[in-house]
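See structure below.
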Amino acid sequence: MTTELHAETLLEEDRRHVVHPQHNPTDHQNPVLFVKGKGSILTDIQGREYIDGLSCLWNVNIGHGRTELAEVAAEQMSRLAFVTSYVGATNEPAIELASKLVQIAPSNMSAVYFTTGGAEANESAFKTARHYWKIQGKPEKVKFISRVHGYHGVTMAAGSATGMAAFHKMYAPLVPNFIQVPPPHPYRWADYAKSNGDAGAEAAAALEQAIVREGPKTVAAVIAEPVQGAGGVIVPAPGYIQRLREICDRHEVLFIADEIITGFGRTGKWFGLEHWNVKPDIMSFAKGVTSAYLPLGGIMLSDRVHQTLLDAPADLKFTHAATYSGHPTCCAVGIRNIEIIEREGLVDRAAVSGRRLLAGLETLRRHEAVGDVRGLGMMCGVELVEDRETRAPAIGLGNKVAALARERGLFTRNRGGAKGDFPIGDTICIAPPLTSSDEEIDRLVAILDESIGAASA
Ligand SMILES: Cc1ncc(COP(=O)(O)O)c(C=O)c1O
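FYI, the numbering for the sequence shown is 33 to 489, going by the working numbering.
The following block contains the structure:
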């Protein structure tokens with residue numbers, strides 16, 4: 033069978049039997065069938081190569097093809113495939129990884145509960161926050177506040193915190209007690225709010241007003257990504273994150289930092305919040321913890337949240353659980369992944385390469401269609417507009433650019449805007465592996481340059 037025929041047969045089976053995330057047959061007419069990866073380069077079944085412009089889903093931080101991780105996984109599986117982590121049992125990799133995570137995390141972090149992915153981590157964060165307040169004798173603190181354009185996963189509760197209408201439309205009604213406030217975007221927010229010039233203060237004020245309106249006695253936590261990712265790579269306005277922390281403290285509300293994209297070096301620090309010297313009460317992580325070699329996520333608990341859990345009387349104990357919490361093979365891979373990040377200095381490298389990437393992307397502003405370029409470390413976004421004057425978002429242009437980029441050897445995703453969506457429109461998301469070479473970064477920018485030019489021609 034020729035490669036073409038083999039590929040077509042497989043894709044036929046795929047169309048027949050696989051339901052994809054965000055499934056839609058029209059969007060899946062011409063999928064890429066990837067077969068291998070090395071570093072920042074992905075190869076499809078026909079042998080075509082692509083720069084992995086988004087580290088797949090913002091997660092392959094150390095790049096593809098690390099046989100070292102395959103060996104660690106094989107060794108662990110051969111020794112002990114699985115064991116329950118339910119109370120009364122444990123395993124070496126889970127203990128070692130939890131200790132390591134506490135060591136690299138903000139200094140107030142004390143313990144880890146493991147999950148298998150991001151949404152499950154946030155579900156765990158919500159439940160832990162409610163548990164915390166119940167133990168504190170404040171059972172009425174049950175509400176969660178998130179921001180428009182935030183992405184926290186799409187299970188029922190995490191999806192109710194996710195601030196994008198597209199993910200709600202077909203699944204409403206949402207879980208009650210989830211409230212959304214405006215995003216922390218410096219430029220767009222300024223437009224939207226007729227800013228007095230301090231967008232961070234304005235966005236924070238909107239958050240505080242929501243807490244006051246809802247009644248601080250009823251609010252359990254605020255959840256926020258340090259840099260909003262899937263919502264269009266939105267870097268918070270100066271001062272916003274510090275204010276968010278102060279507001280939470282003032283109203284006795286927990287701060288859940290969703291570090292699922294921003295963790296493990298992505299922004300040029302181990303965790304995104306370090307840019308602002310702010311510490312959360314609960315921190316969700318996933319993706320980069322294993323660089324996607326195996327599914328793993330979790331939450332880290334601050335001393336005070338952890339202590340409450342330890343002090344809980346038996347009839348109020350933590351009954352949250354999942355079969356694969358603390359999976360030994362996933363944890364073993366997580367440990368080695370962190371060792372590689374440390375050994376190769378990838379956190380600092382992401383800071384340096386990120387500056388090169390952002391500077392390169394800034395040059396794309398010469399295209400009329402580029403309305404904004406933003407980013408932090410190896411996490412950037414290029415926003416496309418219909419009209420630079422009015423800043424009207426371009427709808428559909430991003431998909432066109434992404435398709436043209438794919439033809440030219442760059443694979444990435446467009447954050448699709450929708451008419452009537454809160455200001456941000458189509459945004460090409462760029463977050464290559466932290467190991468990407470200067471040449472690869474420059475090539476990525478050049479391909480995007482050509483693709484935006486071709487799409488707007
Ligand atoms: C910030 C953030 N939180 C949560 C999630 C959900 O993670 P998962 O898809 O593993 O459920 C994502 C996924 O992209 C994310 O970017």
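Heads up, the beta-carbon is just placed ideally off N, CA and C, and yes, glycines get one too.
Residue i classed as buried or exposed, judged by whether at least 16 other C-beta atoms fall within 10 angstroms
i	result
PRO425	buried
VAL51	exposed
ALA126	buried
ASN123	buried
TRP221	Confidence at TRP221 is low in this model, with a pLDDT of 46, below 50, so the placement of that residue should be treated as unreliable; the coordinate-derived value is given next. With 16 or more Cβ atoms within 10 Å of its Cβ, TRP221 is classed as buried.
PRO327	buried
ASN309	exposed
ALA346	exposed
THR35	exposed
THR41	exposed
LEU37	exposed
VAL285	buried
HIS181	buried
LYS175	buried
GLU234	buried
LEU239	buried
TYR118	exposed
ALA121	exposed
SER110	exposed
MET33	exposed
ASP59	exposed
Residue span of the beta strand (DSSP E) that contains residue i, given as start and end
i	result
PHE66	66 to 70
ASP419	412 to 419
ASP404	402 to 407
LEU333	329 to 334
Near ligand 1: residue i beta-carbon under 8 Å from a heavy atom
i	result
ASN446	no
HIS96	no
VAL491	Residue 491 is absent from the model: the chain starts at 33 and stops at 489.
SER192	no
GLY490	The question about residue 490 has no answer here: the residues shown for the chain are numbered 33 through 489.
TRP90	yes
ASP84	no
ALA318	yes
ALA189	no
ILE293	yes
GLU128	no
TYR145	no
ALA151	yes
ASP290	yes
GLY409	no
TYR356	no
Residue j beta carbon less than 9 Å from that of residue i
i	j	result
LYS173	LYS70	no
ASP84	PRO63	no
SER178	THR160	no
VAL402	GLU421	no
GLU246	GLU291	no
SER323	ILE94	yes
ASP470	ARG406	no
CYS461	GLY413	yes
ARG447	SER483	no
ILE243	VAL254	yes
THR147	ALA318	yes
MET332	ALA39	no
GLY330	TYR164	no
PHE287	ILE266	no
VAL466	MET410	The sequence given here has Leu at residue 466, not Val. It is a contact, given that the beta carbons lie within the stated cut-off.
PHE210	ALA237	no
ALA463	TRP302	no
ASP335	ASN56	no
GLY457	GLY485	no
GLY304	ARG275	no
PRO205	PRO268	no
VAL379	ILE373	yes
Residue range of the unbroken alpha helix (DSSP H) whose run includes residue i
i	result
THR41	35 to 49
VAL384	378 to 394
VAL321	Neither: VAL321 is in no alpha helix (DSSP H) and is coded neither H nor E.
VAL213	Not the alpha helix (DSSP H): VAL213 falls in the beta strand (DSSP E), residues 210 to 213.
GLY366	360 to 375
* To do: Would you mind listing the alpha helix (DSSP H) stretches within the segment 233 to 305 that are 4+ residues and don't spill past its ends, in chain order?
  => 272 to 282
* To do: Entirely within the segment 132 to 206 and at least 4 residues each: give me those alpha helix (DSSP H) ranges in chain order.
  => 150 to 167 and 188 to 193
* Let me know the alpha helix (DSSP H) ranges lying completely inside the segment 421 to 487, each 4 residues or longer, listed in chain order. => 429 to 439
* With a floor of 4 residues, list each alpha helix (DSSP H) that falls wholly inside the segment 61 to 136, ordered by position along the chain. => 87 to 90, 99 to 111 and 124 to 136
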